[in-house]
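For what it's worth, numbering that gives the first Met the number 0 labels the leading residue of the sequence shown as 0, then goes sequentially. Think of the CB as a built atom: it goes at the ideal place given N, C-alpha and C, for glycine as much as any other residue. Since this is a predicted model, take the numbers as computed values, not measurements. Note sheet for the following structure.
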Amino acid sequence: MAKANSIMDDLRNELEELHQHYPAMKNEDLFVVWFLRAYVTEDLEAAAHAVTNGPKDKGADAVFIDDASRCVFIIQGKYRHQISTANEKRSEVLSFAQLGHILADRDKKAFQNLVDEADQSVAQKLTEARKRLLHRDYRLWLYYVTLGKCSAGLRSEAEEMARCAPGKIRFEILDGRRLMLLMSDYLDGVAPPIPTLDLVMENGQGILVNGILQRFDSRSKIESWVFSMQGDDIVHLYEVGGKRLFARNVRGFLGETTDVNRSMEKTLKKEPERFFYYNNGITILCDDAKLVSSKGKDILRVNNPQVINGQQTTRTLARKVDHAKKSSVVVRVIQVSRGESNRDDYFDTLVSRIVEGTNWQNAIKPSDLVSNDRRQVELQRELRKRGYLYLRKRESKSEARRAAGSKHYILVKKEDLARAVAGCDLDPVEARSGVENLFDEDTYRIIFPTSDPRYYLLRYWLMREVTYCAHSYPERGYAKWLVLGFVWSRLQPLLGTVAKRDNFIHKMERGAKDLDWPLFAAVEKAYIAALKYWKKNRGKGAKVTDVSTFFRNKRGRDKEFKSFWQGKNNKGRKGFEAAWMKVKVAIANS
Numbered sequence: 000m001a002k003a004n005s006i007m008d009d010l011r012n013e014l015e016e017l018h019q020h021y022p023a024m025k026n027e028d029l030f031v032v033w034f035l036r037a038y039v040t041e042d043l044e045a046a047a048h049a050v051t052n053g054p055k056d057k058g059a060d061a062v063f064i065d066d067a068s069r070c071v072f073i074i075q076g077k078y079r080h081q082i083s084t085a086n087e088k089r090s091e092v093l094s095f096a097q098l099g100h101i102l103a104d105r106d107k108k109a110f111q112n113l114v115d116e117a118d119q120s121v122a123q124k125l126t127e128a129r130k131r132l133l134h135r136d137y138r139l140w141l142y143y144v145t146l147g148k149c150s151a152g153l154r155s156e157a158e159e160m161a162r163c164a165p166g167k168i169r170f171e172i173l174d175g176r177r178l179m180l181l182m183s184d185y186l187d188g189v190a191p192p193i194p195t196l197d198l199v200m201e202n203g204q205g206i207l208v209n210g211i212l213q214r215f216d217s218r219s220k221i222e223s224w225v226f227s228m229q230g231d232d233i234v235h236l237y238e239v240g241g242k243r244l245f246a247r248n249v250r251g252f253l254g255e256t257t258d259v260n261r262s263m264e265k266t267l268k269k270e271p272e273r274f275f276y277y278n279n280g281i282t283i284l285c286d287d288a289k290l291v292s293s294k295g296k297d298i299l300r301v302n303n304p305q306v307i308n309g310q311q312t313t314r315t316l317a318r319k320v321d322h323a324k325k326s327s328v329v330v331r332v333i334q335v336s337r338g339e340s341n342r343d344d345y346f347d348t349l350v351s352r353i354v355e356g357t358n359w360q361n362a363i364k365p366s367d368l369v370s371n372d373r374r375q376v377e378l379q380r381e382l383r384k385r386g387y388l389y390l391r392k393r394e395s396k397s398e399a400r401r402a403a404g405s406k407h408y409i410l411v412k413k414e415d416l417a418r419a420v421a422g423c424d425l426d427p428v429e430a431r432s433g434v435e436n437l438f439d440e441d442t443y444r445i446i447f448p449t450s451d452p453r454y455y456l457l458r459y460w461l462m463r464e465v466t467y468c469a470h471s472y473p474e475r476g477y478a479k480w481l482v483l484g485f486v487w488s489r490l491q492p493l494l495g496t497v498a499k500r501d502n503f504i505h506k507m508e509r510g511a512k513d514l515d516w517p518l519f520a521a522v523e524k525a526y527i528a529a530l531k532y533w534k535k536n537r538g539k540g541a542k543v544t545d546v547s548t549f550f551r552n553k554r555g556r557d558k559e560f561k562s563f564w565q566g567k568n569n570k571g572r573k574g575f576e577a578a579w580m581k582v583k584v585a586i587a588n589s
């Protein structure tokens, strides 16, 4: 019950956010928009446009046509105020399932009766959908989406009714329990999911496969399969699923130039028939799997699949598809039941352990293991709204730019935010200890305490200014973290309101001279003082401490420096304060 209430709170928060974009829509319509965004399309505008938003919608609350996948999606949404309490009415469920017959039947009579009584915009969308089903061989997906519950008998009856309709039609009920899992995946960044993929097992062309390895653990209820697939069938999975196939992977594509990826390409070109023996293969996680046969081929049909190990292999095969046809890959499929009794932390821990245990060709770093942490996913969403492309996963820059599309984003890595927070809030020794140390379990919680983007952007832009001031001055580089922490201690009190915080960020983004110039001057004075502090305390003769060692060999240098700053040996304090007054004015004035 507590979990259901928590998920309901998450859903309300999502609807409130959507309401800011679409204030004319009611919660019932926003619920459908959220579902489309979480389950069908990444395009929020397209999801909102699909909503029929009228009293005469004839059971079609949204009509979404995806020409790329040659699919029509029709949704009927039932927004309830509690999860899995109200039972759905048999008449409404079966009436929606009957819609498949009306749309796909070449006899126009029933369809004409339907659209004659429908709202004009609904009639237009249904007409476009029907054209694609009848004349362009599109597939129809009917989704009955409810926060309530539905009996197994009614579910089977509706599915059978849709199956009997002409054409390629699939009917699915997503009830409160399913939507709880969908919300969990959505918050984890695994949205929209890939509903189903067919894994075609290798056989023939000189290859004899004597069955597959199938294992079921009755204690954990985890079922696994191991078999081989042809390389071009692996490529097909990527063509269907795209980058969504790797949403639970802790890294993005590392590029063509890594040693491992170059080695794979070389094998594919020169000896593709031996790729099976040299490559570690692919690990796929799924919610459900079923062995089926089609056209003489054995197939494992998997629901909600995710490649959690083998992205580099899959992407390399996709780039060399002609050679991939001659290769084979070992595939391991792990089905993890995610019923209501399964706790999220159990599932997340299992995935993390599998990822860590199977990804060893390209070493896993501590920063990789938090890539799919919910805080990172939330932060990525929030930063994107502000025009930032946040790289929470390790991937090549070209891969990141492709993800951004034509829109211009400011690119920022999670490692950069970690350094910025550590430099501003922790001892300088921590910031200099290496970025991966900032992602150990205890430090990570300190570095990433919130999903508010302002918290990080304030520190990030200050770090960029402090870093810029150190260019061409090698000694300043060693004092950077001490200077950053000091300047932040002076800046933070000036940022007491949201308006001032936003003003600082916006001006730094634009390079506004009224802020940038005096801030640069103040940072310069801080650097000069920091190096004087080193020279005064570095020792003499054989015991002299070089600048690199000095700023990393002792904790508490930041506190010592503040004392030095106030002392008579600091001749630059007056110049700093003069510049700082201008910084203060610039932050206060928009």
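The beta-bridge partner set that DSSP reports for Asp216 consists of Ile221. Note on the segment 235-277: whole alpha helix (DSSP H) runs with a minimum of 4 residues are 258-269, 274-277, in chain order.
Look at the segment 376-453 and you find these whole runs of alpha helix (DSSP H), each 4 residues long or longer: 396-403, 413-424, 427-430, 440-446.
Excluding the 5 residues flanking it on each side, Gly386 has same chain C-beta neighbours closer than 7 Å at Tyr408, Ile409, in chain order.
Residue pairing by DSSP places Arg154 opposite no residue, since no beta bridge is assigned to it. Val335 has its alpha-carbon roughly 11 Å from the corresponding atom of Tyr345.
For Glu16, the enclosing alpha helix (DSSP H) stretches over residues 1-20. By the criterion of a C-beta distance shorter than 7 Å, Ile211 is surrounded in its chain by Met200, Trp224, Val225, Phe226, once the five residues flanking it on both sides are discounted.
Taken atom to atom, the span from the alpha-carbon of Gly175 to that of Arg300 is near 24 Å. According to DSSP, Phe72 shares a beta bridge with Phe63, Trp140. Excluding five sequence positions before and after Leu368, the CB atoms of its chain that fall closer than 8 Å to its own CB belong to Val249, Ser351, Val354, Glu355, Phe438, given in chain order. Between the alpha carbons of Arg79 and Leu146 lies a gap of roughly 5 Å.
Close CB contacts of Arg138 within its chain, under the 6 Å cut and outside five residues either way in sequence, are with Cys70, Lys167 (chain order). The beta carbon of Gly538 lies closer than 8 Å to those of Thr544 in the same chain, with the five residues before and after it left out. 8 Å or more divides the Cβ of Leu132 from the Cβ of Leu113.
Under the three-pair Cβ rule at 8 Å, the segment 114-124 does not count as touching the segment 184-192.
Per DSSP, the continuous beta strand (DSSP E) segment holding Asp287 begins and ends at 287-293.
In the DSSP assignment, Ile283 forms a beta bridge with Val306, Val332.
A Cβ-Cβ distance of about 7 Å is found for the pair Glu464 and Phe519, placing them in contact under the 8 Å criterion. Looking at the DSSP output, Arg300 shares a beta bridge with Asp197, Lys289. Of the residues Arg318, Arg247, Lys406, the one whose Cα lies closest to the Cα of Thr348 is Arg247. In this chain, the beta strand (DSSP E) harbouring Arg169 covers 168-173.
When secondary structure is reduced to three states using DSSP, Gly203 falls in the strand class. Annotation: Phe252 to Glu394 spans about 5 Å, alpha carbon to alpha carbon. In the structure shown, Thr466 falls within a helical segment according to DSSP collapsed to helix, strand and coil. Thr449 and Arg374 have their C-alpha atoms spaced approximately 7 Å apart.
Asp286 and Phe245 have their C-alpha atoms spaced approximately 15 Å apart.
In the three-state DSSP reduction, Thr145 falls in the strand class (E or B). In the structure shown, the three-state DSSP call for Gln81 is coil. DSSP links Gln229 through a beta bridge to Ser327.
Linking Lys289 to Asp106 through their CA atoms gives a straight-line distance of about 36 Å.
By the Cβ-count criterion, Ile307 is buried, with 16 or more other Cβ atoms from all chains shown falling within 10 Å of its own Cβ. Inclusion of Val121 and Gly53 in the CB contact set at 8 Å is warranted, their separation being smaller than that value.
As the crow flies, the alpha-carbon of Leu490 is around 47 Å from that of Pro304. With a threshold of 16 other beta carbon atoms within 10 Å, Val411 meets it and is buried. Taking all protein chains in view, the Cβ of Ala47 is crowded by 16 or more other Cβ atoms within 10 Å, so the residue is classified as buried.
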